[in-house]
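Enquirer: Under UniProt numbering, the first residue of the sequence shown is numbered 1, with each subsequent residue one higher. Just so you know, even glycine gets a beta-carbon here, dropped at the ideal spot from N, CA and C. Keep in mind the model is a prediction, meaning the values are calculated, not measured. What follows is a structure written as structure tokens; I'll ask about it next.
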Amino acid sequence: LKMRSKVPAKTAQRKVVRPGLTEDEIEELKEAFNLFDTEATGKIDPRELKSAMQSLGFESKNPTIFNMIAELESLGREVDFE
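Spelled out as structure tokens, the structure:
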């Protein structure tokens, strides 16, 4: 996952390649990412990320995650699959 600003970039769609992961594992991760990308933008905004973390049970277990989300929000950043 990579943080991106909300400013659209004019880049071509690239195939995601990650060393150590099979194509099937990458596909599973992409499917999970798409479930959390409720607005189908190709990016997860801080609100979607917070909701995803809460649904996975991280609501009170890891304040570091929510500090990270707050920082993303204050910077106007999003997370994309790459």
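Which word fits residue 49, buried or exposed, when buried means at least 16 other C-beta atoms lie within 10 angstroms of its C-beta?
Expert: Buried: at least 16 other Cβ atoms inside 10 Å.
Enquirer: Whole alpha helix (DSSP H) runs in the UniProt domain "EF-hand" (24 to 59) with 4 or more residues, listed along the chain?
Expert: 46 to 55, all fully within the UniProt domain "EF-hand" (24 to 59).
Enquirer: With a threshold of 6 Å on Cβ separation, who are the neighbours of residue 58 within its own chain once the five nearest residues in sequence on each side are excluded?
Expert: These residues qualify, in order along the chain: 65.
Enquirer: From which residue to which residue does the alpha helix (DSSP H) around residue 78 run?
Expert: No alpha helix (DSSP H) holds residue 78; the beta strand (DSSP E) holding it covers 77 to 80.
Enquirer: For residue 81 and residue 33, which I take to be in contact (beta-carbon distance under 8 Å), what is that distance rounded to the nearest angstrom?
Expert: Rounded, the Cβ-Cβ distance is 5 Å, consistent with contact.
Enquirer: My understanding is that residue 79 touches residue 44, with C-beta atoms under 8 Å, so please give their C-beta distance in whole angstroms.
Expert: Their Cβ separation, rounded to whole angstroms, is 5 Å, which keeps residue 79 and residue 44 in contact under 8 Å.
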